[in-house]
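**Student:** Before anything else, here's the structure in question.
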Amino acid sequence: MYTFYKYLDKRYAENLIHNGEILIRPLNEFKDLDKFTRKIGDKKEGTVRFHPNGRVFDTANPNHNQSFATLVSQKIQAGRVIIDASEHIDIFTQNCFIYSVSQILDRNLQREFKYNSCVKISPFEEFYRTLTFNMQKSGFKILQTEVNECWYLDKNFDPSQELPGPPAFIKEKHFKNQKEVRCAWIIEGIEEKSLILTYPEITKFCSLAEP
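Read in UniProt numbering, the sequence shown has 114 at position 114, and its numbers run on one by one without any break.
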């Protein structure tokens, strides 16, 4: 059983706890540093760079060259999938939708994010399964999904190196203190913009937490 924490503004925390209102964002949206602080936004989100040729693969770009899947699919290790899957989903050429939480309850982290509230989600695996089930029930065609910890690594790779997992889960080392866990969904036919979803069924897994 896993317990994770979602940092957010108080009004959104209350909406999650009482109404089951949740916001999931496309990965590429986190590149917008005008919208997010540098503790949340990341210009390199979803990207890795292969040396010595310096070629950059951007999986947070819906129009990205699909040759990346062929190049990398044979280099993926078993990974550290903690809840849902025995194999990694194929987040190589498609933008995916993300919901992020932290493994730690920490006042300094809440301040770093510039939020004033935190929601405890437990058991997280049941929250995730209930959320995904209700997304499907309400008409979203989910092609693939995964929950995993983020890997905090230099994003420059030698072509001979094995990636630990999909680039959507690879973050630079200076984000390491956030101890992020991500839910990722590839959804067919959905415009690349944030989705506000309301599922009262997830409220039983959510409660207010005080760092």
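By construction, the Cβ of each residue, glycine as well, lies at the ideal position given by its N, Cα and C atoms.
Keep in mind that this is a model prediction, so the values were computed, not measured.
Helix, strand or coil for Tyr12, going by three-state DSSP, please let me know.
**Tutor:** Working through the sequence shown from its first residue, we reach residue 12 at position 12. The answer is helix: DSSP assigns Tyr12 an H, G or I state.
**Student:** Which complete alpha helix (DSSP H) runs does the region 122-196 hold, if anything under 4 residues is left out?
**Tutor:** The qualifying runs are 124-137.
**Student:** I need the straight-line Cα distance from Gly20 to Tyr7, nearest angstrom please.
**Tutor:** Along the sequence shown, read from residue 1 onward, the residue named residue 20 stands at position 20. Along the sequence shown, read from residue 1 onward, the residue named residue 7 stands at position 7. Near 15 Å, if we compare the C-alpha coordinates of Tyr7 and Gly20.
**Student:** What does DSSP give as the partner residues of Glu21 in its beta bridges?
**Tutor:** Walking along the sequence shown from the start, residue 21 turns up at place 21. Note: Glu21 sits in a beta bridge opposite Thr198.
**Student:** Grab the span of the beta strand (DSSP E) containing Phe97 for me, first residue to last.
**Tutor:** Translated into positions along the sequence shown, residue 97 becomes position 97. That run of the beta strand (DSSP E) goes 97-102.
**Student:** Decide if Leu131 is buried, meaning its Cβ has at least 16 other Cβ atoms within 10 Å, or exposed.
**Tutor:** Residue numbering aside, residue 131 sits at position 131 when the sequence shown is read from its first letter. It counts as buried.
**Student:** Alpha carbons only, please: which of Phe175, Arg182, Glu192 is nearest the one belonging to Phe169?
**Tutor:** Translated into the one-based positions of the sequence shown, residue 169 becomes position 169. Considering only alpha carbons, the answer is Arg182.
**Student:** Return yes when the Cβ of Ile24 is within less than 8 Å of the Cβ of Cys206, no when it is not.
**Tutor:** Along the sequence shown, read from residue 1 onward, the residue named residue 206 stands at position 206. Along the sequence shown, read from residue 1 onward, the residue named residue 24 stands at position 24. Their beta carbons are not under 8 Å apart, which means Cys206 does not touch Ile24 by this criterion.
**Student:** Where do the N-terminal and C-terminal ends of the beta strand (DSSP E) with Leu105 fall, by residue?
**Tutor:** The residue you call residue 105 lines up with position 105 of the sequence shown. Where Leu105 is concerned, there is no enclosing beta strand (DSSP E), given that its DSSP letter is neither H nor E.
**Student:** Rounded to the nearest angstrom, what separates Asn116 and Ile196 at their Cα positions?
**Tutor:** One-based indexing of the sequence shown puts residue 116 at position 116. One-based indexing of the sequence shown puts residue 196 at position 196. About 20 Å.
**Student:** My guess is that Pro123 and Tyr2 are in contact by the Cβ rule of under 8 Å, so how many angstroms apart are they, rounded?
**Tutor:** As a first step, residue 123 must be located in the sequence shown, where it is residue number 123. As a first step, residue 2 must be located in the sequence shown, where it is residue number 2. Indeed, because the Cβ distance is near 6 Å, the residues count as touching under 8 Å.
**Student:** Can you check whether the CB of Leu27 is closer than 8 Å to the CB of Val119?
**Tutor:** Residue numbering aside, residue 119 sits at position 119 when the sequence shown is read from its first letter. Residue numbering aside, residue 27 sits at position 27 when the sequence shown is read from its first letter. No, the Cβ-Cβ distance between Val119 and Leu27 is not below 8 Å.
**Student:** Give every residue of the same chain whose Cβ lies closer than 8 Å to the Cβ of Thr203, excluding the five residues on either side of it in the sequence, and list them in chain order.
**Tutor:** Here residue 203 refers to the residue found at position 203 of the sequence shown. Result list for Thr203: Leu16, Ile17, His18, Asn19, Gly20, in chain order.
**Student:** Suppose you measure from the CA of His64 to the CA of Gly46; what does that come to, to the nearest Å?
**Tutor:** Working through the sequence shown from its first residue, we reach residue 64 at position 64. Working through the sequence shown from its first residue, we reach residue 46 at position 46. Note that His64 has pLDDT 42, beneath the 50 cutoff, so the model's placement of it is unreliable and the number below is only indicative. Whole-angstrom Cα-Cα distance: 11 Å.
**Student:** Identify, in the order they occur along the chain, each residue of the same chain with its Cβ nearer than 7 Å to the Cβ of Phe133, setting aside the five sequence neighbours on each side.
**Tutor:** Translated into positions along the sequence shown, residue 133 becomes position 133. Result list for Phe133: empty, nothing under 7 Å.
**Student:** Thinking C-beta only, is Leu143 closer than 8 Å to Ile98?
**Tutor:** Position 98 of the sequence shown, counting from 1, holds the residue named residue 98. Position 143 of the sequence shown, counting from 1, holds the residue named residue 143. For Ile98 and Leu143, no; Cβs fall outside 8 Å.
**Student:** Going by Cα to Cα distance, which pick from Phe175, Cys96, Ile121, Lys44 is closest to Ala13?
**Tutor:** As a working mapping, residue 13 is identified with position 13 in the sequence shown. The residue with the shortest Cα to Cα distance from Ala13 is Ile121.
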